[in-house]
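Student: First the structure, then my questions, so here it is.
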Amino acid sequence: MEPILYVDGLQKRYGMKPALRSISLTLEPGRILGLMGPNGSGKTTFMKVIAGLQKANGGTVRVCGNPVGIESKKLVSFLPDRNIMPRRMTAADAIDYYHDFFADFDVNKAYDMLNFVHLEKNIPVSDMSKGMVEKLNLTLCFSRKSKLYLLDEPLGGVDPVARERIVSTIAQTFNPESSIIVSTHLVHDIERMFNDVCFISEGEVLLSGNAEQLRTERGMDIDALYIQMFRDRC
Numbered sequence: 332m333e334p335i336l337y338v339d340g341l342q343k344r345y346g347m348k349p350a351l352r353s354i355s356l357t358l359e360p361g362r363i364l365g366l367m368g369p370n371g372s373g374k375t376t377f378m379k380v381i382a383g384l385q386k387a388n389g390g391t392v393r394v395c396g397n398p399v400g401i402e403s404k405k406l407v408s409f410l411p412d413r414n415i416m417p418r419r420m421t422a423a424d425a426i427d428y429y430h431d432f433f434a435d436f437d438v439n440k441a442y443d444m445l446n447f448v449h450l451e452k453n454i455p456v457s458d459m460s461k462g463m464v465e466k467l468n469l470t471l472c473f474s475r476k477s478k479l480y481l482l483d484e485p486l487g488g489v490d491p492v493a494r495e496r497i498v499s500t501i502a503q504t505f506n507p508e509s510s511i512i513v514s515t516h517l518v519h520d521i522e523r524m525f526n527d528v529c530f531i532s533e534g535e536v537l538l539s540g541n542a543e544q545l546r547t548e549r550g551m552d553i554d555a556l557y558i559q560m561f562r563d564r565c
């Protein structure tokens, strides 16, 4: 079976400064990968390159066999780490906008998800809390029929109750024929979702593998492993 994502020797620079240093990984269908590292480690840059929002300086990236470009972008749904919806828009307006913009957007699923996350469709973004905005963005992201979902810090700045609902939303809407990459430094709140993990620092992969195997081999949960690996790097 062809992997959802194949990355080999990916490099990215900003001027002379390396942002990604020869990153390689493969993601099979039905897997959720936790991409973990402190702020500034390269997580967002990695996702933007995969999503086709930034150009790599070297290496190979393929999404379902397609190099980054028009075809790969049709297969990727990207949730950035900040709100991109105009503040005047309501949730219903945002759904209409996505429906017009993306051919694979499922309006019925979007409204079902709004109900699941308890978000009123007529509230403008300007009146939403951080958690409500994240719920809206997740709704928009997962209402596309994509093969690869990229979630950049979906729990950042969100209160614990909203975090739990967001994690439940991801689990509830996951299509086993697709895959998800979640970047986070809030490992404790979300590690139970991960099939695979990848620890990244200063654009380099420090450790990657099957989450359950790493728990067994290291004798600790992923959160404790994260703390151990990055204690002296932050």
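Taking the working numbering, I'd label the letters of the sequence shown as residues 332 to 565.
Beta carbons are placed, not taken as given, at the ideal position from N, Cα and C, and that holds for glycine.
Just so it is clear, the structure is predicted and the values come from calculations on it, not from any experiment.
1. Measure the alpha-carbon distance for Pro491 versus Gly346 and round it to whole angstroms.
2. Note down, in chain order, each residue of its chain lying with its Cβ closer than 6 Å to the Cβ of Lys466, except the 5 sequence neighbours on either side.
3. Going along the chain, which residues of its own chain have a beta-carbon closer than 6 Å to the beta-carbon of Val456, five neighbours each way excluded?
4. Determine which residues share a DSSP beta bridge with Met459 and list them.
5. Could you spell out where the alpha helix (DSSP H) holding Ile454 opens and where it closes?
6. Counting Cβ pairs, one atom from each stretch, are 3 or more of them under 8 Å apart for the segment 531 to 541 and the segment 345 to 363?
7. Mind pulling the alpha helix (DSSP H) runs of 4 or more residues that sit fully within the segment 386 to 423?
8. Just curious, the beta strand (DSSP E) that Lys348 is in, first and last residue?
9. Name the one or two DSSP bridge partners that Tyr557 has.
10. Which one of Gly361, Glu333, Tyr337 and Leu356 has the shortest CA to CA distance from Ile501?
11. With Asn468 and Leu410 assumed to form a contact (beta carbons below 8 Å), what rounded beta-carbon distance in angstroms separates them?
12. Distance check for Asp412 and Asn480, CA to CA, integer angstroms please.
13. Where in the segment 441 to 526 do unbroken runs of the beta strand (DSSP E), each at least 3 residues long, occur, reported from the N-terminal end onward?
14. Classify Phe326 as buried or exposed, calling it buried when 16 or more other Cβ atoms lie within 10 Å of its own Cβ.
Tutor: Per the coordinate set shown:
1. 39 Å
2. Val448 and Leu450
3. Met416, Arg418 and Met420
4. Its beta-bridge partners do not exist; DSSP assigns none.
5. From DSSP, Ile454 is part of no alpha helix (DSSP H); its letter is neither H nor E.
6. Touching, per the Cβ criterion.
7. With a minimum length of 4 residues, the unbroken runs of alpha helix (DSSP H) contained wholly in the segment 386 to 423 fall at 401 to 404.
8. Lys348 to Leu358
9. According to DSSP, Tyr557 bridges with nothing at all.
10. Gly361
11. Contact holds; Cβ gap of about 6 Å.
12. The question names Asn, yet the displayed sequence has Tyr at residue 480. Distance between the alpha carbons of Tyr480 and Asp412 is about 13 Å.
13. 479 to 483 and 510 to 515
14. Nothing in the structure corresponds to residue 326, since the chain is present only between 332 and 565.
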